[in-house]
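2 protein chains.
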Amino acid sequence: MTPLYFEDLAPGQVHRSGELAVTAEAIKRFAAEYDPQPFHLDEARAAASFFGGLAASGWHTAALTMRLLVESGLPLAGGIIGAGMDELRWPRPLRPGDTIRLESEVLELRPSRSRPMQGLAKVRTTTLNQDGAPVQVLVANLVVMRREPGGA
Amino acid sequence: MTPLYFEDLAPGQVHRSGELAVTAEAIKRFAAEYDPQPFHLDEARAAASFFGGLAASGWHTAALTMRLLVESGLPLAGGIIGAGMDELRWPRPLRPGDTIRLESEVLELRPSRSRPMQGLAKVRTTTLNQDGAPVQVLVANLVVMRREPGGA
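Quick mapping for you: the protein sequence lines, in order, are chains A and B.
Those letters in the first sequence? Residues 1 to 152, per UniProt numbering, in order.
Those letters in the second sequence? Residues 1 to 152, per UniProt numbering, in order.
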């Protein structure tokens, strides 16, 4: 992938990622280490829970989204560096057997006031399942390197 | 820990967690699977990067925060179920050798309009390092079970 600099981005651009399949084993393994709650760990207890069946931890969905962003979703020259999030929500659970992919839309761009080689990009990354339904919406403010120095 | 129901929460309450130590090995292992960027994977390349040294992925900080919330930080009766986040930022990196702990302040409570056995709690969870400096600030809207049915 050609690395993208601040100058290559424009509001309205949409960048798409490759796909990633999610297994029950992966959901349980993440949960055992980072979010050990019954609805992420055990099918029977999950069926009786709020989620009505095994569901990935939202933080697992976020972590897998990051992997897709890094590997194929948004090839920023300096890497994917989040300065902060404006929004993070999980409209529906990520389930075993789902295959996810990303659509990242550039919403806003602004040069850095203090760092001439950097800019900030506000990007909405939607994580979609195989039915095209969103399992996560993330609006992130990313630090993006410039090709040439710029000013505010 | 005594499980907390919606009726047990009040704005201004602060709940504290136990501690968790973070190693370079753990930082690299998370990054290899979920955020494979040089500044999370390799000391030398991290030293030359934006971060000036090995730093945990922000999503690793979030995942470890979740583990502390589940294990000791906020013993909600139905578990920790996030309906969405109003804020998520990482004021400084989480570094190898850091020990983290949480302070979770209840900001707002509101009964569910449609589900008499549930309420919503807005909680600000600050993840502090061993110097008491924040490495993450998360404001989450949590689904909380009621002991007795209530109405909006």
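For each residue, glycine too, the CB sits at the ideal point set by N, CA and C.
To be precise: take each residue of the stretch 63 to 78 of chain B, compare its Cβ to all Cβ atoms of chain A, and keep it if any distance is under 8 Å. Which residues remain? Ala63, Leu64, Met66, Arg67, Val70, Glu71, Gly78
Counting only C-beta atoms, is Phe6 (chain B) closer than 8 Å to chain A at any point? no
Exposed or buried, Thr126 (chain B), counting other C-beta atoms within 10 Å across all chains shown (16 or more means buried)? buried
Mind checking Ser104 (chain A): buried by the 16 CB within 10 Å criterion, or exposed? buried
Examine the Cβ distances between the stretch 129 to 140 of chain A and the stretch 81 to 100 of chain A and report whether three or more of them are shorter than 8 Å. yes
Between the alpha carbons of Ile27 (chain A) and Pro149 (chain A), how many angstroms are there, rounded? 43 Å
Taking 8 Å as the threshold (C-beta atoms), are Thr61 (chain A) and Val123 (chain A) in contact? no
Check residue 157 (chain A) in the structure and name its three-state DSSP category. Limits of chain A in this structure are 1 at one end and 152 at the other, which puts residue 157 (chain A) out of reach.
With a cut-off of 8 Å on the beta carbons, I'd call Val75 (chain A) and Met145 (chain A) a contact; round off their distance for me. As written in the sequence, residue 75 (chain A) is Pro, which differs from the Val given in the question. About 12 Å separates the two Cβ atoms, so there is no contact after all.
Which ranges would you report for the alpha helix (DSSP H) in the stretch 34 to 98 of chain A if only whole runs of at least 4 residues count? 38 to 41, 43 to 47, 58 to 68
With distances taken between CB atoms, is the gap from Gly78 (chain B) to Phe50 (chain A) smaller than 8 Å? yes
Would you mind sorting Val143 (chain A) into buried or exposed? The rule is 16 or more other CB atoms within 10 Å of its CB. buried
Would you verify that the beta carbon of Arg89 (chain B) is, or is not, closer than 8 Å to some beta carbon of chain A? yes
For Asn53 (chain B), count neighbouring Cβ atoms within 10 angstroms of its own Cβ and tell me buried if that reaches 16, exposed if not. Checking the sequence, you will find Gly at residue 53 (chain B) rather than Asn. Burial call: exposed.
Express the C-alpha separation of Gln130 (chain A) and Arg95 (chain A) in angstroms, rounding to a whole number. 11 Å
State the CB to CB distance for the pair Ile80 (chain A) and Leu69 (chain A), rounded to an integer number of angstroms; the pair is presumed to be in contact (CB under 8 Å). 5 Å
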